[in-house]
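**Student:** Counting from 0, one number per residue, gives the positions in the sequence shown under numbering that gives the first Met the number 0.
Glycine residues also receive a C-beta, built at the ideal position from the N, C-alpha and C atoms.
Because the structure is a prediction, the values reported are computed rather than measured.
Dropping a structure here in C-alpha cells format, bear with me for questions.
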Amino acid sequence: MSRRRTLARTVFAGLVLFAVALVGSGLLSWVVGDGADVTAAGAETVAPANGTTVITTSMQGNNRIVAYAPDGSVLYFNDSHGVYDDVDPSPRGAYTVTYIGTEKLNRAECHSSEPCTRQFIERVNLTTGEAERLYSRVVAKAQNHWHDADRIGPHRWLVADIAHDRVFVVNTSTGIETWSWHAQNGYDVRSGGIFPNDWTHLNDVERLPDGRVMVSLRNQDTVAFVDPETGVRRGWSLGSDGNHSRLYEQHNPDYIPPERGGPSVVVADSENNRIVEYQRVNRTDTGGPGGPTNASAGTWTRTWQWRDTELRWPRDADRLPNGHTLITDTNGGRVIEVDEAGRVVWRVDIEGPYEAERLGTGDESAGGPSAVRAGIESRSVAEPVAESDRPVWEAAADEAVAAWSSVLPSIVVNPLLYVLPPWIGIVELGGLLSLPPVALAWGLAELYWSPYGVRLSRSDGVR
Numbered sequence: 000m001s002r003r004r005t006l007a008r009t010v011f012a013g014l015v016l017f018a019v020a021l022v023g024s025g026l027l028s029w030v031v032g033d034g035a036d037v038t039a040a041g042a043e044t045v046a047p048a049n050g051t052t053v054i055t056t057s058m059q060g061n062n063r064i065v066a067y068a069p070d071g072s073v074l075y076f077n078d079s080h081g082v083y084d085d086v087d088p089s090p091r092g093a094y095t096v097t098y099i100g101t102e103k104l105n106r107a108e109c110h111s112s113e114p115c116t117r118q119f120i121e122r123v124n125l126t127t128g129e130a131e132r133l134y135s136r137v138v139a140k141a142q143n144h145w146h147d148a149d150r151i152g153p154h155r156w157l158v159a160d161i162a163h164d165r166v167f168v169v170n171t172s173t174g175i176e177t178w179s180w181h182a183q184n185g186y187d188v189r190s191g192g193i194f195p196n197d198w199t200h201l202n203d204v205e206r207l208p209d210g211r212v213m214v215s216l217r218n219q220d221t222v223a224f225v226d227p228e229t230g231v232r233r234g235w236s237l238g239s240d241g242n243h244s245r246l247y248e249q250h251n252p253d254y255i256p257p258e259r260g261g262p263s264v265v266v267a268d269s270e271n272n273r274i275v276e277y278q279r280v281n282r283t284d285t286g287g288p289g290g291p292t293n294a295s296a297g298t299w300t301r302t303w304q305w306r307d308t309e310l311r312w313p314r315d316a317d318r319l320p321n322g323h324t325l326i327t328d329t330n331g332g333r334v335i336e337v338d339e340a341g342r343v344v345w346r347v348d349i350e351g352p353y354e355a356e357r358l359g360t361g362d363e364s365a366g367g368p369s370a371v372r373a374g375i376e377s378r379s380v381a382e383p384v385a386e387s388d389r390p391v392w393e394a395a396a397d398e399a400v401a402a403w404s405s406v407l408p409s410i411v412v413n414p415l416l417y418v419l420p421p422w423i424g425i426v427e428l429g430g431l432l433s434l435p436p437v438a439l440a441w442g443l444a445e446l447y448w449s450p451y452g453v454r455l456s457r458s459d460g461v462r
C-alpha cells in the first residue's frame, strides 16, 4: 500500500511541478526579454519587410503605436495614450497616418460622478512626430471606445460608434454629423449581446466604392451591407447571429471589389481563431445603392482560410497587392505576413496587437486581390508550417498545443488571455488551469489516506 501511495504522490508532485514550470518559464521569458518595460528605446529591431509597418495595440495594460521602417528599425513609438485601435495611411504624406486613440479622464476632468473616456482621431507624421487631433468625443467609462474611423473625404469621417450601436459621418471641421445609421434600424435588440451595455459591439466600418457602407456587428456574428438611403441589404449580409460555423465575433472585415477579383470579404474570424475570405457567387444584382433591400443577391462561399497552432483571437487581416496577407494575432502576441502558399515570411512579436498597416499598399486591403484571382492557398492547423527544417520536437509541441486549445472553447480562453498579464499565453494558461484540479485530487487522496480520512466501504463489510 505504501508503495502505491509513494507512486501516486510522485505523480501528483510531477504534475504540479510541470504546471509550475510552464507558468514560470513564461514569466521568465517575459522578464528576460524586457517585456515588463516596453519603451521606445526598448522596442527591438525586427526583420526587414517590404515597406513600413505600423502596429497598434489594445489590451489590458500599457498600449502603444509603433512603426517599423523597411529595414526593421523603429521609426516611431508612442505609448502616451490608454488604447490604440484603428490605424490608416493619410493622404498628407507617405509617412503620415491617422489612428483611433483613447485616454482615461477622472471625474473632475469630465465633470461626472464617474470616470470617463475621451476617444479621438489623431494624425501623426511618423518621421517628425508632429501630431494633430482631428476630432474627439467623451463617453462614460462603462461605454466602449471607438475601434474604427475611415476618412471618406476632406474633413469627412465615417465612424463606427461602438458605444451607441451606430455609424455616422461627421465633418471634423464643424463637428456636425451629416448622416447616421443605427443598428436598431435593421436588427432586433434580442439579438447579439446584452442590451444596452454591449449589444452589437460595432467594431468596424468601411464605405465601399459603390457608396454602400459595410458594418461589422461583432456580437451578431454579422457583416452587414447598408444602403445609405434604404438601410440593410439583407441579401448581402455575411453571417448571422449564432451561426458560428461562418463567423464568430469577427473583426475588421475588408471588402475586395469585382475589379480585383471580388466581390469578396477578408475577415478576422476571431473566436474561430482563423482568417477567412468569402466570395460572392451567383449574383443577381450589383449590390449598389438603390437596389432592392431584400434581394437574393447571390450567396457567400468561403474560398480561403488560414490558421496555425499559434493563431489565437486574430483581429485584423489585410490583403497586400502582392497576394500576401498581413495578419494581426492579438492573443498570439504577433503580427505576421503570410505568402500565397500560406508560409510565414515575416513576423513581429508584440503584446496585444489590434491592427497592422503596411504603408504604400493602400488603406487596409485596398490594393490586394481576392484569393480566387491570385490563386492563394488555404492552410489549416493540421498542415505543416512554413519552415521545412523545423525540429521534430517543435512540431510535436505544436500538436500538443493544438490539442490543449481544443479542450476549452475559444469564447472562454480568449477573454481570459486578454485580461491576464501579457506573459500568459495558451501554454501558461494550461499550466494555471491544471493546478487547481491536480491540487484538489492530491488533497482528497491525502485525506483518504490519513487516519482521520473518509473510508469507502462495501456493503458486505469488506474494505
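Report the residue from 356, 302, 308, 218 whose alpha carbon sits nearest the alpha carbon of residue 248.
**Tutor:** It is 218 whose Cα lies nearest to the Cα of residue 248.
**Student:** Between residue 204 and residue 159, how many whole angstroms is the CB-CB distance? I'm expecting something under 8 Å.
**Tutor:** At roughly 4 Å, the Cβ-Cβ gap stays under 8 Å, so residue 204 and residue 159 are in contact.
**Student:** What is the DSSP secondary structure of residue 444, reduced to helix, strand or coil?
**Tutor:** Three-state DSSP puts residue 444 in a helix.
**Student:** Quick one: grab the DSSP three-state call for residue 251.
**Tutor:** Strand at residue 251.
**Student:** To the nearest angstrom, how far is it from the Cα of residue 420 to the Cα of residue 111?
**Tutor:** Rounded to whole angstroms, residue 420 to residue 111 spans 30 Å at the Cα level.
**Student:** Determine the direct distance from the alpha carbon of residue 99 to that of residue 437, and round the result to whole angstroms.
**Tutor:** Near 44 Å, if we compare the C-alpha coordinates of residue 99 and residue 437.
**Student:** How is residue 105 classed by DSSP in three states: helix, strand or coil?
**Tutor:** Coil, per DSSP.
**Student:** Identify every residue that forms a DSSP beta bridge with residue 54.
**Tutor:** Per DSSP, 65, 355.
**Student:** According to DSSP, which residues form a beta bridge with residue 181?
**Tutor:** DSSP output for residue 181 lists 165 as bridge partner(s).
**Student:** Closest to residue 346 by CA distance: which of 364, 448, 363, 326 is it?
**Tutor:** Per the Cα distances, 326.
**Student:** With DSSP as the reference, please indicate the residues paired to residue 216 in a beta bridge.
**Tutor:** Answer is 201, 221, bridged to residue 216.
**Student:** For residue 392, does the three-state DSSP call read helix, strand or coil?
**Tutor:** Annotation note: pLDDT 46 at residue 392 (below 50); position unreliable, no value reported.
**Student:** Please name the residue or residues paired with residue 316 in a DSSP beta bridge.
**Tutor:** In the DSSP output, where bridge partners are listed per residue, residue 316 has 326.
**Student:** What residues in its chain sit with their C-beta under 8 Å from that of residue 363, if we drop five residues either side in the sequence?
**Tutor:** If we look at residue 363 and ignore the five residues flanking it on each side, its Cβ neighbours are 87, 205, 251, 253, 317, 356.
**Student:** Put residue 14 into one of helix, strand or coil per three-state DSSP.
**Tutor:** Residue 14: helix per DSSP, three-state reduction.
**Student:** Suppose you measure from the CA of residue 13 to the CA of residue 429; what does that come to, to the nearest Å?
**Tutor:** Cα to Cα, the separation comes out at about 15 Å.
**Student:** If you count every other CB in all the chains shown that lies within 10 Å of the CB of residue 154, and 16 or more means buried, which is it?
**Tutor:** By the neighbour-count rule (16 or more Cβ atoms within 10 Å), residue 154 is not buried but exposed.
**Student:** Exposed or buried, which one is residue 234 when buried takes at least 16 other CB atoms within 10 Å?
**Tutor:** Buried, by the Cβ-count rule.
**Student:** Looking at the secondary structure, which residues open and close the alpha helix (DSSP H) in which residue 188 lies?
**Tutor:** Residue 188 -> no alpha helix (DSSP H), and no H or E assigned at all.
**Student:** Can you give the Cα-Cα distance for residue 475 and residue 343, rounded to whole angstroms?
**Tutor:** Given a span of 0 to 462 for the chain in the structure shown, any question on residue 475 remains unanswerable.
**Student:** Exposed or buried, which one is residue 353 when buried takes at least 16 other CB atoms within 10 Å?
**Tutor:** So residue 353 counts as buried.
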